[in-house]
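**Student:** Just remember that our numbering sits 2 ahead of the position in the sequence shown, which is counted from 1. Here's a structure for you.
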Amino acid sequence: MLHFDAHSDTIPEYFGRKYNHGTPFYWAIEEGLIKPEHSIQVGIRGPLYSKDALDYPKNKGLEIITGPQLHAMGVTEAVKAIRSRINDQPVYVTFDIDFLDAAYAPGTGTPEIGGITTHQALQLMVGSCLGMNLKGMDLVEVLPANDNAGITALAGASLIHLFLALVAKGVEEK
Ligand SMILES: [Mn+2]
3 MLHFDAHSDT IPEYFGRKYN HGTPFYWAIE EGLIKPEHSI QVGIRGPLYS
53 KDALDYPKNK GLEIITGPQL HAMGVTEAVK AIRSRINDQP VYVTFDIDFL
103 DAAYAPGTGT PEIGGITTHQ ALQLMVGSCL GMNLKGMDLV EVLPANDNAG
153 ITALAGASLI HLFLALVAKG VEEK
């Protein structure tokens, strides 16, 4: 799994519910749906509920590149880390629009500052996904009611379009 998000979403329960938008990757790990040793979360920077909130994913072997780490290493180094992590494994890409800085994705439920630009996100997607064994993608948390001039929807739709183009490019090259 290649996961772009401001949040790890690896707590077991949120607002009293097991299956909630803060818990999917806890259950994906518990239910054996992903291989943590080949998975990576990128951009994590949202507030945590406790100082050990990221212990669970780390102890399960998930790699995490935080938002500040992503800025420090830059897109090129992040792409290298992502590709070496995933290697030739089948990869599912999950993209929470709040991975982008709130300036580029205001229309979402839990916007976070300190993120990256849409340009950098395009570079990251191309660099991380081109030629990889792509199996699927989702893009979540676009909230039209909070959007301004369709900024967030445009970013989300463009990233999905890019992913489809990368899949097509991979098919063409086989
Ligand atoms: Mn998020």
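In this text, a Cβ means the ideal position worked out from N, Cα and C, and glycines have one as well. Remember, it's a predicted structure, so these values are computed and weren't measured experimentally.
(1) What ranges does the beta strand (DSSP E) occupy inside the segment 14-78, keeping only unbroken runs of at least 3 residues that lie completely in it?
(2) Suppose contacts are defined by Cβ-Cβ distances below 8 Å. Is A8 in contact with D100 by that definition?
(3) Buried or exposed: D11, going by 16 or more other Cβ atoms within 10 Å of its Cβ?
(4) Cβ of T112 versus every heavy atom of ligand 1: is any distance shorter than 7 Å?
(5) Starting from V144 and walking both ways along the beta strand (DSSP E), at which residues does that stretch end?
(6) Is A105 close to ligand 1? I mean its beta-carbon at under 7 Å from any heavy atom of the ligand.
(7) Would you report the Cα separation of R252 and G69, rounded to the nearest angstrom?
(8) Under 7 Å from any heavy atom of ligand 1, does the C-beta of A170 make it?
(9) Go ahead and pull the three-state DSSP assignment for M139.
**Tutor:** Checking against the coordinates, here is how it stands:
(1) You should have 42-46, 65-68.
(2) A distance below 8 Å separates the beta carbons of A8 and D100.
(3) By the neighbour-count definition (other C-beta atoms within 10 Å, threshold 16), D11 is a buried residue.
(4) The answer is yes for T112.
(5) Where V144 is concerned, there is no enclosing beta strand (DSSP E), given that its DSSP letter is neither H nor E.
(6) The answer is no for A105.
(7) Missing from the structure shown is residue 252; the chain here goes from 3 to 176 and no further.
(8) Because no heavy atom of ligand 1 lies under 7 Å away, the Cβ of A170 does not count as near it: no.
(9) Looking at M139 - three-state DSSP - the assignment turns out to be strand.
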